[in-house]
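Presented below is the structure to which this report refers.
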Amino acid sequence: MSPSLASSIVAAVLDAVSVTGTAARAINLQILDLLDNSPRPLVYTVLAFLCLLPVLDLCAAAAWKYREGTVPAMEDNVIPQAVAAAGQEILPFPTKAGGTEQRTLTGKKLDELKDMCRDYGLFVSGNKSVLLDRLRVFSKKFCDDPTSCDPTHVRRRAHKGPRDGPKKSQPKQSAARRAAVIDTERVTERSKDTRTTDEIEDLLSWADRTRARLPYKPAQKNSPVPSAFQVASPPDRSLHDRMQELENRIAAITTLGAPGVGQWTSDASAVFTPAEYVVYDHTFESLHNFSDINLSFNPPGAAAWSPLSISDNLHITGSSTHPTAPSQSVNATVPTAPSCSSNASPTTASKASRSIHLGDGTAVTINDVSRITVPATSFAANIERLNQMWDDTSTHWKNDSVITIDNHAIALIYWPQIFKKDWFMFLVERYRQGTPDEFWSTFRSDGGGKMSYTAICAALRKERKGGDKELAAKAREEYGDEFKVKFSYWDSKTNTQKVMSKASSIAKEYKRLKGL
């Protein structure tokens, strides 16, 4: 081996082991002298040792860093670097039997890494990189201290240890408050009588004296004293007489409108001057109106007539403006008289659901609104008919309507009272402001024809909105400071008094105040 080659090897080794300057030159000269005077095998041995010096220096530096705590992870060590260089990451892990096993982390899926963490009692949250770091730290901890990583004693959840005594139940809130206020233990009174014989005798003697001094007197039941009017009035008739009289009165009312009955005959002292004619529907309601009438009549034959039937749904009362005399014929539908015996009690009349008063004064009461069927009717192409059917008190009324109750045509103006719905009153009002020609001249389409029903309603709504805004502005200007008082309402949700803001509400209230 040439001296120049040996000198270069020695210089490289010294530089690798951080030996420089005068010391490096001295060591280099000594090694060259040794190589010149030594046999060749010894020279090769020395050179091989010198080549291993950098590796030994790296190992010593790594061990020193690990000892000082500057190596945070296992991958900074020499062995994992050598293993990672081979393409596989194999780390030591403890077994349940107390030994050591080598497990690879390369190519593991997320579920497999979670299973490995569960085996060693580690958390399973996080992605793959977090789980890999967690397993590496655990393996490093196992390498440092194998006794600290025993998988057979993995504590899953922290606990407070075994319970010494019985489980204490939480006291009631009342007991806790009492203990906090009084700060004393509650003493339970014993049920055993701890009184002496003298105390018991004294108590009994006191009770005897009290009973003798204050004896018990039961309350007397006072019977009601009859009033002067009750004493002067005669005793009430028996139930049989009252029921018989009721049957006679019902028969008289039923025969009132029967064909074939010539005239009524009455006692000389009885004068038949009813204030109004009443028709009842199979009920005994208000029969006390005829308590002062004593009527007798000649009953017709069995086949003389058959009373007409009336709907059980209606209760119609004629107006007092059309009185009926006994000798006049009554053109009204009369119900069949119900059978009534002395041992039967009168049926109570059911309360009516709806009651309306027609234009001629007739009152119609409907007990069951669901039995009234309204046919499908459209006034879109015939507003004239809508005008004729609207009000039975106007000159346009033709005594015709889509709803007829007991031969009485019900005008559309009464429908809200029956069905409780809103109807297009504003359409009829606008139609009656002028003649029909003026109405249709106003509501003309772009093609020159009559506007459709929907278009007319939309135009009227727009017109009403404009009118409401004008009335709202007029109300604010007219009332001034009193506007907040006059046009306010109570909001039940917030329990506050609020001022009206909608133009339609203000206009409606303004019309009500002005009587429009």
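Taking my numbering, I'd label the letters of the sequence shown as residues 7 to 522.
Beta carbons are placed, not taken as given, at the ideal position from N, Cα and C, and that holds for glycine.
Per DSSP, Y222 has no beta-bridge partner at all. For K227, the secondary structure class from DSSP, reduced to helix, strand or coil, is coil. For A481, the closest alpha carbon among the candidates Q179, A513, P98 and A461 is that of A513. For F144 against L128, the beta-carbon gap comes to about 6 Å, under 8 Å, which counts as contact. Taking all protein chains shown into account, V370 has 16 or more neighbouring C-beta atoms within 10 Å of its C-beta and is therefore buried.
Between P98 and Y126, the gap from beta carbon to beta carbon reaches 9 Å or more. Taking K490 as the centre and dropping the five residues before and after it, the same chain places the C-beta of V505 closer than 7 Å to its C-beta, in chain order. A distance below 7 Å between beta-carbons, with the five flanking residues on each side excluded, links S510 to the following residues of its chain, in chain order: D474. Annotation: the continuous beta strand (DSSP E) that includes K504 extends over T502 to V505. In this model, S447 and Q394 are separated by some 20 Å (Cα to Cα). Under DSSP, W496 shares a beta bridge with Q503. Take T106, set aside five residues on each side of it, and the residues of its chain with a beta-carbon closer than 6 Å to its own are P98, in chain order.
Take A465, set aside five residues on each side of it, and the residues of its chain with a beta-carbon closer than 8 Å to its own are F449 and M457, in chain order. Judged by beta-carbon spacing, I424 lies beyond the 9 Å limit of I462, meaning their Cβ atoms are not closer than that value. A Cβ-Cβ separation of about 7 Å places L141 in contact with C123 under the 8 Å criterion. Looking at R219, G104, D366 and K468, the one whose alpha-carbon comes closest to that of P152 is G104. Across the set K468, Y420, E435 and C65, the C-alpha of Y420 shows the shortest separation from the C-alpha of G365. Between D397 and A417, the C-beta gap is smaller than 9 Å, which places the two residues in contact.
In its chain, beyond the 5 residues on either side, L116 and L119 have a beta carbon closer than 7 Å to the beta carbon of K134. In the three-state DSSP reduction, Q108 falls in the strand class (E or B). Look at T153 here: in three-state DSSP terms it is helix.
Boundaries of the alpha helix (DSSP H) around P442: P442 to T448. L477 is not a Cβ neighbour of K508, given a cutoff of 9 Å.
Within the model, the alpha-carbon separation for H402 versus G440 is close to 13 Å. Separation of R470 and D487 (C-alpha to C-alpha, rounded to the nearest whole angstrom) is 26 Å. CA-CA distance, K178 to W212, rounds to 41 Å. With contacts defined as CB atoms closer than 9 Å, E515 and K499 fail to qualify as a contacting pair.
In this chain, the beta strand (DSSP E) harbouring I96 covers I96 to P100. Residue state for I416 is assigned as coil, using DSSP reduced to three classes. Excluding sequence positions up to five before and after T112, its CB lies within less than 7 Å of the CB of Q94 and E95, all in the same chain and listed in chain order. Put simply, the backbone Cα of D443 is about 15 Å away from that of S451.
Per the DSSP secondary-structure output, T410 pairs in a beta bridge with A415. For W496, same chain residues with a beta-carbon under 7 Å away, outside a window of 5 residues either side, are Q503 in chain order.
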